[in-house]
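Structure first, commentary second.
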Amino acid sequence: MSNVSIMIAGVGGQGTLLTSRVLGTAAVKAGYDVKVSEVHGMAQRGGSVITYVKIGENVNSPVIEKGEADILLCFEKLEALRWLEYAKKDGAIVVNDQRIDPMPVIIGREKYPDDIISKIKANRSNVFTIDALETAKELGNIRALNIVMVGFLANKTDIRREIWYEAIRETVKAKFLDLNLKAFDEGYKMAESYSN
Amino acid sequence: MKKLMLGNEAIARGAYEAGVKVATAYPGTPSTEITEFIATYDEIFSEWSPNEKVALEVAIGASFAGGRAICSMKHVGLNVAADPLFTVSYTGVNGGLVICVADDPGMHSSQNEQDSRHYAKAAKIPMLEPSDSQECKDFIKKALELSEEFDTPFIIRLTTRISHSQSLVELGERVEIPLKPYSKDIGKYVMMPAMARKRHVVVEERMERLASYAEETELNRIEWGSNTEIGVITSGICYQYSKEAFGDVSYLKLGMVHPLPEQLISEFASKVKTLYVIEELDPFIEEFLNKKGITCIGKEKLPIVGEYSASLIRKAILGTDEDTTALQENVPVRPPVLCPGCPHRGVFYTLRKNKLTVSGDIGCYTLGSMSPLEAMDTCVCMGASIGVAHGMEKALGKEDHRKGVAVIGDSTFIHSGITGLIDIVYNKGTSTVIILDNSITGMTGHQPNPATGYTIKGEKTRQIDLLKLCNAIGIDRVRVCDPFNLDEFDKVVKEEIAADEPSVIIAQRPCALLKTVKYEGSVKVNEEKCKYCKVCMRLGCPAIVDTGEDIHINEALCVGCELCLEVCKFNALEKVGGSNE
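Heads up: the sequence lines are chains A and B, in that order. First residue of the first sequence? That's 493 in my numbering, and the numbers climb one at a time after it. First residue of the second sequence? That's 1329 in my numbering, and the numbers climb one at a time after it.
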């Protein structure tokens, strides 16, 4: 695998930090150099949160910039639109089809854009839309949506499934391990049967 | 064994392996996790101190006693700790002493963008700057050794992208370092004029020895590339950005940024055709080169403001611009907001309703300045709310200041609000101070503090009684009130700002994110009763949505705190679920 840059975009509270840690841990276990960058502070307070995972033989800057992401993993639609230009032109864009209104929309000052998914698809060719929230709900805990996303992404990498399990085991709280392993499998399955 | 670690975690690991005995800190993004990780090691005594000044004094005490010590803070915390910092430079150390300071270029979570390297120079203290997590671990160990060797504290400078990036770290074992014997030495440890004059000479001699050391240490290294057309002098995270931007050129990577190695820099400069200095924030290295007459390109091409990145450097210096395809689409911003169930919401709703001038402070509650609450007028630094309110009163006169209050969190009040309140009492002010007592340090991620009754390790300890404390310093009017009881809170605020003496309102309700806080069910809109008057929208609750046609409750976000039920005059908001049903 040559260098792979994964950018994760979401809303504070959706579990993007944990996601980046699972991805980073799996890549280390697969023998790569890794850098993961996160910005704390606003992560719990509903703001726009992005994290970067860079994987390769030798990684310098931990930051991903415009046009550099091979994979853009988006936990929310508006965030996908916001960070779209960070993806390479042929980069894979995985969007969880969920809408969370930001404060300017909530108070009626601005409008949540219409047809985000089709706008993204009109701009990029490699777009995957999934409903990870629904899957997490079916598993009984909406907080598992981040690991559903990880499962989907994992299917697109050449890192073995066992390594992903190990990474999840090391990263998530023991209490939520079973839930998260199931969430991973569901996401992985979703990727296998995905059709546009 | 190699492990993926945050820079902050690697600092903690380095402190552990180097036999540190005492670790102190006041939480502050992006430095907080250093001490949180240290607290997981039972071999090290760790504490959240009331503020950075106390934290550094405790670490100094541990060092004087002969143990290795580390003290961590964010850049603005170093301002608070500056007083002991400048004098511990004179006393030197006994056990190794390292101060870790985390700058925040780009101000991801800070009120200013100051460059802490100036402190190293001003206080005459050597400073190291790591470029990744492995160096974080290596440098802290090295700094502790050098601290003892040169009899000086060391500063380790971090930035957000070093503190909060994870990279691979090779783990080692802890080495127990026996306490160095303490012997009374007033010439070294008692800084009064006669002794300090002698110690200043020692400090200057030490800086000269350190400058020689800087020439030969492995902390500073030249990496010759196949290309000597371009030479880059850089340090910290900028080393990583530069490597990515310039590729195979020549680098002088500085691990020690104070004092700087003049000869090494001259030698490097003489062998490259064009010399760039790549450093975020101020031209600290560049000015050194200018002073020494070494020609270089730095801030004439690169900004003094904000974070750098590889593409920013490429664009500014190499003139290359990435071809990116931006969508022409208006994307609404998503600012952070007070959480659903946040106890501060009741306070700010009331203050806004009463049209008060609010001097604010540092914490989650600074978000109360944002729309639609818009209930904060000023925010300067930790503890400033109280002094600012007092100053406003003295400038405006008592009667014209009737519409002003100070708002400060419990942890911030302990940090540096108490002295401001004493000033109000002593200098005959009549301001009203509202302490937002949410039982935790919220913004930095739930650290306990002296008002919570728990230590960093979660052990029970004596809890500071804020009411008694205020009484003891001379505030007779102290009211404790639940900010979610809006009628009562409004009445209390009105009474206290009208009073002809200083007063404190302790707004008591725990942070909604605490595990002990259990709201149940959620709220829904009774569409028949709702007149779409939008009063509930003034709460700025992310769970209450104005669709443009009606009001809707986002059940996924609503925690069922019921604050909105109180503001609706038409009883159109109803609780569903939970034990009340």
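Ideal placement from N, C-alpha and C gives every residue a C-beta, glycine not left out. None of these values were measured; they are calculated from a predicted model.
Interface criterion met: the Cβ of Asp1874 (chain B) is under 8 angstroms from a Cβ in chain A. Per DSSP, Cys1707 (chain B) lies in no beta strand (DSSP E) and is assigned neither H nor E. Excluding five sequence positions before and after Thr1789 (chain B), the CB atoms of its chain that fall closer than 7 angstroms to its own CB belong to Gly1781, Tyr1782, Thr1783, given in chain order. Collapsing the DSSP output to three states places Leu1486 (chain B) in a strand. When secondary structure is reduced to three states using DSSP, Gly502 (chain A) falls in the strand class. By the criterion of a C-beta distance shorter than 7 angstroms, Lys1381 (chain B) is surrounded in its chain by Val1408, Ala1409, Asp1411, Pro1412, once the five residues flanking it on both sides are discounted.
The three-state secondary structure of Met1520 (chain B), taken from DSSP, is coil. Cβ neighbours of Phe1812 (chain B) within its own chain (closer than 8 angstroms, five residues either side excluded): Pro1671, Gly1674, Arg1837, Cys1889, Glu1890, Leu1891, Glu1894. Comparing alpha carbon positions, the residue from B:Phe1741, B:Tyr1567, B:Val1665 closest to Ile1833 (chain B) is B:Phe1741. Put simply, the stretch 1510 to 1518 of chain B does not touch the stretch 544 to 552 of chain A. Fewer than three CB pairs are less than 8 angstroms apart. For Met1720 (chain B), the closest C-alpha among the options B:Ala1430, B:Ser1417, B:Val1386, B:Gly1757 is that of B:Gly1757. When DSSP reads this structure, Asp677 (chain A) sits in no beta bridge, so it has no partner. Taking every protein chain shown into account, the CB of Thr621 (chain A) has 16 or more other CB atoms within 10 angstroms, so this residue is buried. The CB of Arg574 (chain A) comes closer than 8 angstroms to the CB of Val1659, Arg1662 in chain B, given here in chain order.
Per DSSP, reduced to three states, the secondary structure at Gln1591 (chain B) is helical. Contact between the stretch 507 to 515 of chain A and the stretch 642 to 653 of chain A is established, with three or more Cβ pairs separated by less than 8 angstroms.
Taking 8 angstroms as the threshold, the shortest C-beta distance from His1492 (chain B) to chain A falls below it. Annotation for Val541 (chain A): no alpha helix (DSSP H) segment contains it, though the beta strand (DSSP E) segment containing it runs 540 to 548. Interface criterion met: the Cβ of Ser1699 (chain B) is under 8 angstroms from a Cβ in chain A. Buried is the label assigned to Ala1383 (chain B), since at least 16 other Cβ atoms lie within 10 Å of its Cβ. The alpha-carbon of Lys1516 (chain B) is positioned some 22 angstroms away from that of Tyr1447 (chain B).
Non-local C-beta neighbours of Ile585 (chain A) in its own chain, meaning closer than 6 angstroms and more than five positions away in sequence, comprise Leu564, Ala579, Arg616, Val619, ordered along the chain. In summary, Pro1589 (chain B) is buried, with 16 or more beta-carbon neighbours lying within 10 Å of its beta-carbon over all protein chains present. Contact between Asp1738 (chain B) and Ile1763 (chain B) holds, since their C-beta atoms are separated by about 6 angstroms, short of 8 angstroms.
Against Tyr680 (chain A), chain B offers no close residue; the least beta-carbon distance is about 22 angstroms (beta-carbon pairs closer than 8 angstroms). Taking Ile609 (chain A) as the centre and dropping the five residues before and after it, the same chain places the C-beta of Lys569, Val587, Asp589, Thr621 closer than 7 angstroms to its C-beta, in chain order. When only Cα atoms are considered, Thr1648 (chain B) and Lys1629 (chain B) end up about 14 angstroms apart. Under a 10 Å Cβ-count criterion, Ser1699 (chain B) is classified as exposed, with fewer than 16 other Cβ atoms of the shown protein chains found around its own Cβ. For Lys1571 (chain B), the closest Cβ of chain A is nearer than 8 angstroms. DSSP lists B:Val1350 as the bridge partner or partners of Phe1373 (chain B). Cβ-Cβ distances below 6 angstroms link Tyr1604 (chain B) to Val1560, Ile1625 in the same chain, with the five nearest sequence neighbours on each side left out; the list follows chain order.
Residue pairing for His1880 (chain B): DSSP places it in a beta bridge opposite B:Val1873. When DSSP reads this structure, Cys1839 (chain B) sits in no beta bridge, so it has no partner. Secondary structure of Lys1402 (chain B) (DSSP, three-state): strand. Segment contact: the stretch 1494 to 1510 of chain B against the stretch 1457 to 1472 of chain B, three or more CB-CB distances shorter than 8 angstroms; contact assigned. By DSSP's assignment, Ile1736 (chain B) forms a beta bridge with B:Ile1763.
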